[in-house]
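S.K.: This is the structure, below, for whatever I ask next.
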Amino acid sequence: MKPNIIRINDISDIETSKISVYDLNNRYIDRFGNMYGVKFNPASHRIEIIRIVRAVDREVAAMQQKIFKTRLTGAEQAIPDQEQAGGGEGAVSEEEYQSFEPELFVNDCLKLMTTHRSRIKGIIMNIKNSNVFPKENKQDSIELENVFRNLEIDGDQGFDNVENYQKELTGYPRSISYYQAKIDNRGNQTIEALGDDKERIMKFVYIYEMYTSISGLYKSILRIMTELKAKIAERGPDDIKGISHNDKQAYLDAGTSIDNTIMEIRDLLERMRSLEQYVSDPSNF
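As numbered in this note's numbering, residues 764 to 1048 make up the sequence shown, in order.
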């Protein structure tokens, strides 16, 4: 049976609680071209989300551009199934689609940040509500609060910093010399290659600064989320006597959200390579 292809904004749109056995053949593609499927885990009796890796990089890039083009035009275009390595029937030729659009990619990253900001708050709330780490256990409680604090500083405040910086660069940018002082030697070499064309230089500065800001932010969040995953894995709801069903579900929901967020961040950082390649070529500006 040919899979149904469903377009989603991000992995959090896949509601496993609403998936039946008839949906196990579905494939889900997010805004960055990542493909996911679902499977039933007989051990846990739960539906799980799995990442489907397509072996041909050129096809992955083409799928990403097709999604970008669909979002720009608003056209309802059929997305071919590319689950099988090597393409085959339905494989997408990269030449069919537009070239990489860095501004669009940055905008999608900013939208994803809004999703992650809300989700991180939900993760913290669920862990606290689960009572798996009671305040009476001071060592665990202090360690967990430190992780939460780092998420708020590097995460919530980090999102604010990137969003505010993006507004500055697009709305009221400072002098070129100001940004030159911030950019590393490689970036300054690109600026020198652009000569005296201020418009081209500011376009480069915007893409370059968004690349470094977003990638730096998500590398930090990935480190903290990985630490949080390891921390909550030290104890489970079955280790706590008398824990309620709601508390247990809050803990399980937090674990699922952490796994999904880590997966999304890793995918995003992988996609950032396209932006890195784009910004390293002065001819793109």
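Glycine included, each C-beta is placed from N, C-alpha and C at the ideal position. Fair warning: this is a prediction, and the values are worked out from it, not measured in the lab.
(1) Just how far apart, CA to CA, sit S983 and R912?
(2) Measure from the alpha carbon of S881 to the alpha carbon of each residue in A1017, S978, I769, then state which is nearest.
(3) What does M798 pair with, by DSSP beta-bridge criteria?
(4) Could you tell me which of I777, K781, D786, T779 sits nearest to N767, measuring between CA atoms?
(5) If you check the beta carbons only, do K992 and I1025 fall under 8 Å apart?
(6) I need the boundaries of the alpha helix (DSSP H) containing G886, first residue and last residue.
(7) Let me check one thing: in DSSP terms, what residues is R770 bridge-paired to?
(8) Could you work out which residue in I890, I883, E908, N892 is closest to Q920 when comparing CA atoms only?
(9) Under the assumption that L1031 contacts Y981 (Cβ atoms under 8 Å), give the Cβ distance between them as a whole number of angstroms.
(10) When we look at the beta-carbon of H879 and count the other beta-carbons within 10 Å, is it buried (16 or more) or exposed?
(11) Would N1023 and I774 qualify as a contact pair, given that the criterion is a beta-carbon distance under 8 Å?
(12) By the 10 Å Cβ neighbour count, where 16 or more other Cβ atoms means buried, how is M888 classified, buried or exposed?
(13) Kindly indicate which residue of E811, F896, C872, Y971 has the alpha-carbon position closest to the one of D793.
(14) Let me know if G796 comes out buried or exposed under the rule of 16 or more other beta-carbons within 10 Å of its beta-carbon.
(15) Are the CB atoms of I977 and V925 nearer to each other than 8 Å?
(16) So, helix, strand or coil for I782, using DSSP?
(17) What's the gap between the Cα of S893 and the Cα of R998?
(18) Mind checking who R720 pairs with in its DSSP beta bridge?
(19) Going by CA-CA distance only, name the one from D917, I890, G800, G934 that's closest to S904.
(20) Taking the alpha-carbon of P936 as reference, which of I813, G958, E962 has the nearest alpha-carbon?
(21) Taking Cβ to Cβ, would you say R814 is nearer than 8 Å to Y799?
M.R.: Inspection of the coordinates gives the following:
(1) Position 220 of the sequence shown, counted from the start, is the residue given in the question as residue 983. Position 149 of the sequence shown, counted from the start, is the residue given in the question as residue 912. Their backbone Cα atoms lie some 13 Å apart in a straight line.
(2) Working through the sequence shown from its first residue, we reach residue 881 at position 118. Of the listed residues, the one whose Cα sits closest to S881 is A1017.
(3) Position 35 of the sequence shown, counted from the start, is the residue given in the question as residue 798. According to DSSP, which records beta bridges pairwise, M798 is partnered with I792, I815.
(4) Stepping through the sequence shown from its first residue, residue 767 is reached at position 4. Comparing Cα-Cα distances from N767 to each of I777, K781, D786, T779, the minimum goes to D786.
(5) Indexing the sequence shown from 1 puts residue 992 at position 229. Indexing the sequence shown from 1 puts residue 1025 at position 262. Going by C-beta atoms, K992 is nearer than 8 Å to I1025.
(6) Taking the first residue of the sequence shown as 1, we reach residue 886 at position 123. Going by the sequence as given, residue 886 is Ile instead of Gly. It spans 865-893 - the alpha helix (DSSP H) in which I886 sits, taken as one unbroken run.
(7) As a working note, residue 770 is residue 7 in the sequence shown. R770 is bridged to I792.
(8) For the purposes of this step, residue 920 is identified with residue 157 of the sequence shown, where counting begins at 1. Ranking I890, I883, E908, N892 by Cα distance to Q920 puts I883 first.
(9) Stepping through the sequence shown from its first residue, residue 1031 is reached at position 268. Stepping through the sequence shown from its first residue, residue 981 is reached at position 218. The Cβ separation is near 6 Å, so the contact holds.
(10) Translated into positions along the sequence shown, residue 879 becomes position 116. Result: buried.
(11) Working through the sequence shown from its first residue, we reach residue 1023 at position 260. Working through the sequence shown from its first residue, we reach residue 774 at position 11. Yes; because the gap between Cβ atoms is below 8 Å, this pair is in contact.
(12) Taking the sequence shown and counting its residues from 1, one reaches residue 888 at position 125. It is exposed - the Cβ of M888 has fewer than 16 other Cβ atoms within 10 Å.
(13) Counting from 1 along the sequence shown, the entry for residue 793 is found at position 30. When each option's Cα is compared against that of D793, the closest is C872.
(14) In the sequence shown, residue 796 corresponds to position 33, counting from 1. By the 10 Å Cβ count, G796 comes out buried.
(15) The sequence position of residue 977 within the sequence shown is 214, counting from 1. The sequence position of residue 925 within the sequence shown is 162, counting from 1. Against a cut-off of 8 Å, the Cβ pair of V925 and I977 comes out as a contact.
(16) In the sequence shown, the residue the question calls residue 782 occupies position 19. Here I782 sits in coil by DSSP.
(17) One-based indexing of the sequence shown puts residue 893 at position 130. One-based indexing of the sequence shown puts residue 998 at position 235. Near 12 Å, if we compare the C-alpha coordinates of R998 and S893.
(18) It is not possible to answer for residue 720, since the shown part of the chain is limited to 764 through 1048.
(19) Here residue 904 refers to the residue found at position 141 of the sequence shown. Comparing Cα positions, the closest option is I890.
(20) For the purposes of this step, residue 936 is identified with residue 173 of the sequence shown, where counting begins at 1. Measuring from the Cα of P936, the nearest candidate turns out to be E962.
(21) Position 51 of the sequence shown, counting from 1, holds the residue named residue 814. Position 36 of the sequence shown, counting from 1, holds the residue named residue 799. Yes, these two residues count as a Cβ contact at 8 Å.
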